[in-house]
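Student: Under my numbering, the residues of the sequence shown are numbered 2 to 288, in order.
Pasting in a structure now, in structure tokens, and then I'll have a few things to ask.
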Amino acid sequence: MAAPRLLSGLGCLLEMPAALGLVSRPYSTSHTFAEVLRMPERQLTKLVFPLQELQRHLLPESRPVLHLKTFDPSLEDIARAESFFTATARNRIEYLSSAQHLDHAPDLLRPEVCFIGRSNVGKSSLIKALFSLAPEVEVRVSKKPGHTKKMNFFKVGKYFTLVDMPGYGYRAPEDFVNMVETYLKERKNLMRTFLLVDSVVGIQKADNIAIEMCEEFALPYVMVLTKIDKSSKGHLVKQVLEIQKFVATKTQGCFPQLFPVSAVTYSGIHLLRCFIANITGNLKTNG
Ligand code: GDP
2 MAAPRLLSGL GCLLEMPAAL GLVSRPYSTS HTFAEVLRMP ERQLTKLVFP
52 LQELQRHLLP ESRPVLHLKT FDPSLEDIAR AESFFTATAR NRIEYLSSAQ
102 HLDHAPDLLR PEVCFIGRSN VGKSSLIKAL FSLAPEVEVR VSKKPGHTKK
152 MNFFKVGKYF TLVDMPGYGY RAPEDFVNMV ETYLKERKNL MRTFLLVDSV
202 VGIQKADNIA IEMCEEFALP YVMVLTKIDK SSKGHLVKQV LEIQKFVATK
252 TQGCFPQLFP VSAVTYSGIH LLRCFIANIT GNLKTNG
């Protein structure tokens with residue numbers, strides 16, 4: 002659990018918020034991470050470690066299935082990761098460019114992570130939530146049918162680039178195949194692909210196309226379960242177990258631990274930031 006680890010590092014975190022860039026940032030929710038750290042343990046766990054919270058609803062024999070400890074950073078690690086996502090004069094977080102073809106993508110200067118998912122899965126909302134510490138960043142949304150969809154590149158300081166890929170689904174198979182496939186296959190600095198699955202409905206046919214692509218290109222990828230605030234705990238537990246079983250039995254390249262998130266309650270957002278900081282090589286976690 003988080004609490005024992007919290008005790009060792011909490012004192013200094015609360016004493017040095019400025020060093021961590023935790024002061025006066027306008028969160029979309031009212032919580033700074035220093036405030037999160039002061040929450041009662043149960044509330045903190047729900048917000049920061051939603052998978053751990055779900056574990057409480059499982060029978061003991063099902064618990065190892067959740068892979069809770071595969072990525073298990075301390076609260077200090079998570080607090081440090083926040084600073085990468087906090088816009089300051091020295092850490093510019095900004096929209097870089099859009100591209101329809103890989104030839105027009107920015108240079109391979111930084112490690113890259115990309116977010117893919119069906120239209121309406123909650124991708125823009127998730128990216129906005131990840132960038133809530135840089136509220137001036139505009140996450141562009143282009144949803145009009147027939148409107149050209151592009152890959153949008155965001156620079157996160159000198160640390161990494163985050164790429165918002167066009168949503169796929171019935172309306173956009175061509176965009177997806179032409180653009181996303183080439184990108185996934187050829188992008189040299191792509192460190193990890195985040196494949197978003199709507200926790201309300203689970204893995205859909207269209208998601209399988211993306212999964213097959215990641216598998217075919219032997220990409221390391223991670224499944225992120227969106228909109229977890231919309232379901233009952235029972236439904237969510239069922240989805241998590243089903244998807245984790247799928248990951249364990251049908252995939253090679255998918256990270257065994259799922260990342261449940263909500264762009265409404267911010268549950269899971271801090272942990273996901275920490276994971277991104279970690280896999281882009283910017284944060285060595287103790288976990
Ligand atoms: P995109 O097409 O994948 O970019 O999806 P959007 O981010 O635009 O979200 C699609 C719809 O789902 C919108 O109505 C959002 O308000 C809603 N939505 C997105 N994320 C969440 C979430 O975490 N919780 C809830 N309750 N609704 C969400």
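Positions of the beta carbon are idealized from the N, C-alpha and C atoms, including for glycine.
Quick caveat: nothing in here was measured; it's all calculated off a predicted structure.
Among 136, 153 and 86, which one has its Cα closest to the Cα of residue 180?
Tutor: Among 136, 153 and 86, the Cα nearest to that of residue 180 belongs to 153.
Student: In its own chain, which residues sit with a C-beta less than 7 angstroms from the C-beta of residue 1, not counting the 5 before and 5 after it?
Tutor: Residue 1 is absent from the model: the chain starts at 2 and stops at 288.
Student: Regarding residue 119 and the ligand GDP, is the C-beta to nearest heavy atom distance less than 8 angstroms?
Tutor: Yes; taking the cut-off as 8 angstroms, the Cβ of residue 119 has a heavy atom of the ligand GDP nearer than that.
Student: Got a sec? Which residues, its chain only, sit under 6 angstroms from residue 58 by beta carbon, not counting five neighbours each side?
Tutor: 234 and 238.
Student: Among residues of its own chain, excluding the 5 on either side of residue 313, which ones have a beta-carbon nearer than 7 angstroms to its beta-carbon?
Tutor: Past the edges of the chain, shown from 2 to 288, lies residue 313, and the structure says nothing about it.
Student: Can you give me the C-alpha to C-alpha distance between residue 71 and residue 32, rounded to a whole angstrom?
Tutor: The alpha-carbon atoms of residue 71 and residue 32 are separated by roughly 27 angstroms.
Student: Which residue comes first and which comes last in the beta strand (DSSP E) that contains residue 122?
Tutor: That residue, residue 122, is in no beta strand (DSSP E); it is neither H nor E in DSSP.
Student: Among residues of its own chain, excluding the 5 on either side of residue 187, which ones have a beta-carbon nearer than 7 angstroms to its beta-carbon?
Tutor: Only 103 meet the Cβ criterion.
Student: Pull up the DSSP beta-bridge partners for residue 115, would you.
Tutor: Answer by DSSP bridge pairing, in chain order: 164 and 194.
Student: Check each candidate in 244, 231, 277 and 241 and name the one with the smallest Cα separation from residue 265.
Tutor: Per the Cα distances, 231.
Student: So, is residue 87 buried or exposed, given that buried needs 16 or more other C-beta atoms within 10 angstroms?
Tutor: The residue is buried, with at least 16 neighbouring Cβ atoms inside 10 Å.
Student: Mapping DSSP to helix, strand and coil, what is residue 226?
Tutor: The answer is strand: DSSP assigns residue 226 an E or B state.
Student: Say yes only if the C-beta of residue 264 is nearer than 8 angstroms to one or more non-hydrogen atoms of the ligand GDP, and no if none qualify.
Tutor: Yes, since a heavy atom of the ligand GDP falls inside the 8 angstroms radius drawn around the Cβ of residue 264.
Student: Going by DSSP in three states, residue 184 sits in which element: helix, strand or coil?
Tutor: The answer is helix: DSSP assigns residue 184 an H, G or I state.
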